[in-house]
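In what follows, a structure is listed as structure tokens, so that the remarks can point back to it.
There are 2 protein chains.
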Amino acid sequence: MAALPSGILGDLDPTSDRAVFRQIADQIREAIDRGRFKEGAKLPSESELVEHFGVSRMTVRNALAILQSEGLASSEHGKGVFVRPRPPVRRLASDRFARRHREQGKSAFTVEAEAAGSKPEVDSLEVREEKPAPDISARLGSPRKVLARRRRYLLDGRPVEAAVSYLPLDLARGTQIAEPNPGPGGIYARLEELGHRLDHFDEEVRARMPSPSEVKMLRLSSGVPVISLIRTAYDTDGRAVEVCDTVMAADAYVLAYQLPAN
Amino acid sequence: MAALPSGILGDLDPTSDRAVFRQIADQIREAIDRGRFKEGAKLPSESELVEHFGVSRMTVRNALAILQSEGLASSEHGKGVFVRPRPPVRRLASDRFARRHREQGKSAFTVEAEAAGSKPEVDSLEVREEKPAPDISARLGSPRKVLARRRRYLLDGRPVEAAVSYLPLDLARGTQIAEPNPGPGGIYARLEELGHRLDHFDEEVRARMPSPSEVKMLRLSSGVPVISLIRTAYDTDGRAVEVCDTVMAADAYVLAYQLPAN
DNA sequence: CACCCTTACTCGTATAGACGAGTAGCTAAG
DNA sequence: CTTAGCTACTCGTCTATACGAGTAAGGGTG
Numbered sequence: 445m446a447a448l449p450s451g452i453l454g455d456l457d458p459t460s461d462r463a464v465f466r467q468i469a470d471q472i473r474e475a476i477d478r479g480r481f482k483e484g485a486k487l488p489s490e491s492e493l494v495e496h497f498g499v500s501r502m503t504v505r506n507a508l509a510i511l512q513s514e515g516l517a518s519s520e521h522g523k524g525v526f527v528r529p530r531p532p533v534r535r536l537a538s539d540r541f542a543r544r545h546r547e548q549g550k551s552a553f554t555v556e557a558e559a560a561g562s563k564p565e566v567d568s569l570e571v572r573e574e575k576p577a578p579d580i581s582a583r584l585g586s587p588r589k590v591l592a593r594r595r596r597y598l599l600d601g602r603p604v605e606a607a608v609s610y611l612p613l614d615l616a617r618g619t620q621i622a623e624p625n626p627g628p629g630g631i632y633a634r635l636e637e638l639g640h641r642l643d644h645f646d647e648e649v650r651a652r653m654p655s656p657s658e659v660k661m662l663r664l665s666s667g668v669p670v671i672s673l674i675r676t677a678y679d680t681d682g683r684a685v686e687v688c689d690t691v692m693a694a695d696a697y698v699l700a701y702q703l704p705a706n
Numbered sequence: 445m446a447a448l449p450s451g452i453l454g455d456l457d458p459t460s461d462r463a464v465f466r467q468i469a470d471q472i473r474e475a476i477d478r479g480r481f482k483e484g485a486k487l488p489s490e491s492e493l494v495e496h497f498g499v500s501r502m503t504v505r506n507a508l509a510i511l512q513s514e515g516l517a518s519s520e521h522g523k524g525v526f527v528r529p530r531p532p533v534r535r536l537a538s539d540r541f542a543r544r545h546r547e548q549g550k551s552a553f554t555v556e557a558e559a560a561g562s563k564p565e566v567d568s569l570e571v572r573e574e575k576p577a578p579d580i581s582a583r584l585g586s587p588r589k590v591l592a593r594r595r596r597y598l599l600d601g602r603p604v605e606a607a608v609s610y611l612p613l614d615l616a617r618g619t620q621i622a623e624p625n626p627g628p629g630g631i632y633a634r635l636e637e638l639g640h641r642l643d644h645f646d647e648e649v650r651a652r653m654p655s656p657s658e659v660k661m662l663r664l665s666s667g668v669p670v671i672s673l674i675r676t677a678y679d680t681d682g683r684a685v686e687v688c689d690t691v692m693a694a695d696a697y698v699l700a701y702q703l704p705a706n
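Protein chains in written order, with the numbering used here: chain B, 445 to 706; chain R, 445 to 706.
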């Protein structure tokens, strides 16, 4: 049957040289932007759009694929295509590794999440020794082996971040850093106890589309990029004592930095 | 005719429950990752893939569409589908707005680009007064009107960044800041001459897929996200004197920040 | 030699049809 | 009342075909 998709969508312009599926995508996009379709709302079904515009199903699907790749919509098998809701973003302040926070004992992730009223979780914890990849190795001063701490962070059940910390093995082996639970304040607190007083962090921020394994790990819907953040921690001797390679769902994060002007 | 696409690609697994077009995408992706197809190299044509895998053209196109949405490949009408070359990245250091750079007279963009051996350009310059959008207005302390300076940056002819600076009108009107060419050292130098000694900058970093107009403006190929950076400049009185809203092609940038540990 | 046209390839767009698989609601059986 | 199954909807996958449009190279014409 396929009922009419309401009066929200107009007609095609046959004189336009813009491809039909793009015109359809344009119309739906504009309707979303104008709030005619609200966050989380169901878009007209493929068959409704087929009937409304008088085109074939593949044409409609192409139009919807555009919106999905733009991150505006996402489809659910058997249910429909929906306006992608914007999840609450987590803001990472540039002072999040300040010593005073560390001295509170709890991990930064936990404290922040609870303050925001979310339930934080950490899972798929893995700690092992391994040979570092070239770029990691270079940042750490080319140690033969490193300790790798892998984990995934979730907010209210949603995975938002996957991180791997690498530490030179000579520094971490036999310490609590090599334990699954590094204790209060996290590994930075342990590093300072071991005499590596932290001086500063370098962070490199990139954005790109996720690999298939990242899509799986972070349960990303299509059209959501990832932010890749590589942080290197230096002690007061100028030695790089940790590299943390983090991949974040871009729709869940805003990174905030403060720079001095002088 | 369609010659064989060489022995790089294997066969499909008919027993797998993974969709055929995904299997094809997987094979090509793996071949790219392993360097069997190098950067900029042409992938087998659609008809070659059709023949090799014994599937229909739409199936092959679906597979190629996956790779494009992942940013691994990009198609050129009439020519073929190519492994997307990774352009050289521009690194934005966190001290790029330090006063000592400003005092050199040249703009940060120009200096950096020339140091990297690239030809920098700035175009589509537009300076006008306008009513600020709510989020911009809030950051600037809710001025009634602002001066907006729009421009686009190119490296070796490739657009990489589009930026808009907003300044409270009472601060900028009638000064050189309202001129198309703000003079040596840019608007930050002018602001300091006007008595607004800069104290610090706040930067907010996000990543998302580009809007159609951003795709056009930055000539983005599919599968390339954008980095959105919103910088607020504060003077020593704590007043926000400028907000700069920047959209960057994510494949052209790495942002580098340094954070103190204390 | 310079230019244009043909030709053969490339990807882009669009149609029509088929079947599969997930979901949700109704209905009939227990 | 509960549940199992039917049914009608949703999107997912795949085939086959057709024509349009951009590219590049060959070959003929001027």
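Quick reminder that beta carbons are idealized off the backbone N, C-alpha and C, glycines included.
Listed by chain order, chain B residues near residue i by CB distance under 7 Å
i	result
P704 of chain R	H644
R543 of chain R	A705 and N706
C-beta atoms of residue i and residue j nearer than 8 Å
i	j	result
N625 of chain B	R543 of chain R	no
L591 of chain R	V608 of chain R	no
A515 of chain R	V668 of chain R	Reading the sequence as shown, one finds Gly at residue 515 of chain R and not Ala. Contact flag set, yes.
S562 of chain B	L599 of chain B	yes
D689 of chain B	R641 of chain B	no
F541 of chain B	Y632 of chain B	yes
Y701 of chain R	E647 of chain B	yes
R480 of chain R	I510 of chain R	no
S672 of chain B	Q512 of chain B	no
V533 of chain R	A517 of chain R	no
G649 of chain R	L699 of chain B	The residue asked about is misnamed: residue 649 of chain R is Val in this sequence, not Gly. In contact: V649 of chain R and L699 of chain B (Cβ atoms closer than 8 Å).
A651 of chain B	A651 of chain R	yes
Same chain, Cβ closer than 8 Å to residue i, five either side skipped, listed in chain order
i	result
G524 of chain R	K486, L487 and S489
P458 of chain B	none
V504 of chain R	F465, I468, E490, L493, V494 and F497
P578 of chain R	none
T619 of chain R	R634 and L638
G630 of chain R	R546, S551 and A552
E658 of chain B	A606, L664, V670 and V691
M445 of chain R	Summary for M445 of chain R: the model assigns pLDDT 48, below 50, so the residue's position carries little reliability; its value from the coordinates is reported in the next sentence. Excluding positions up to five away in sequence, the list is empty.
K482 of chain B	V527
Contact set between residue i and chain R, taken where Cβ atoms lie within less than 7 Å
i	result
E686 of chain B	Near E686 of chain B there are no residues of chain R at all, since even the closest Cβ is about 11 Å away, more than 7 Å.
Sequence-distant residues of its chain with Cβ nearer than 6 Å to residue i (five each side left out)
i	result
P603 of chain B	R596, L662 and R663
P654 of chain R	L664 and V670
I621 of chain R	I631 and R634
R530 of chain B	none
D681 of chain B	none
I580 of chain B	Y610 and V687
Within chain R, the residues that residue i reaches when beta carbons sit closer than 8 Å
i	result
I472 of chain B	Correct list: empty, because the minimum Cβ distance to chain R is about 12 Å.
V698 of chain B	E648, V649 and R650
A694 of chain B	R650, A651, R652 and P669
Amino acids of chain R, ordered along the chain, whose beta-carbon sits closer than 9 Å to that of residue i
i	result
S609 of chain B	Simply none; closest approach about 16 Å.
Chain-ordered chain B contacts of residue i [CB-CB under 8 Å]
i	result
S538 of chain R	Y701 and L703
Presumed contact (8 Å Cβ cut-off) between residue i and residue j, rounded CB distance
i	j	result
H644 of chain R	P656 of chain B	Rounded, the Cβ-Cβ distance is 41 Å, inconsistent with contact.
P587 of chain B	L613 of chain B	6 Å
A684 of chain B	L584 of chain B	5 Å
E565 of chain B	K589 of chain B	Not a contact, Cβ separation roughly 30 Å.
G484 of chain B	Q471 of chain B	Actually they do not touch by this definition, with Cβ atoms about 20 Å apart.
L508 of chain R	S519 of chain R	7 Å
Contacts that residue i makes with chain B (C-beta to C-beta distance below 9 Å)
i	result
S666 of chain R	S513
Same chain only: Cβ atoms within 7 Å of residue i, ignoring 5 sequence neighbours per side
i	result
N506 of chain B	F465
I476 of chain B	L516 and V527
Proximity test, residue i beta-carbon vs the ligand MN heavy atom, cut-off 7 Å
i	result
V670 of chain R	In the structure shown, the ligand MN is absent, as is every other ligand, since no ligand is present at all.
Chain-ordered residues of the region 495-517 of chain R with a beta carbon less than 7 Å from chain B: When C-beta distances to chain B are compared with 7 Å, the residues of the region 495-517 of chain R below that value are S513, E514 and G515, in chain order.
Cβ-based contacts, 7 Å cut-off: residues of the region 625-649 of chain B near chain R: Result list: L642, D643, H644, F645, D646, E647, E648 and V649.
Cβ-based contacts, 7 Å cut-off: residues of the region 567-600 of chain R near chain B: If the cut-off is 7 Å between Cβ atoms, the region 567-600 of chain R has nothing near chain B.
Residues of the region 668-679 of chain R whose Cβ lies closer than 7 Å to any Cβ of chain B, in chain order: Those residues of the region 668-679 of chain R placed with their C-beta closer than 7 Å to a C-beta in chain B are P669 and I671, ordered along the chain.
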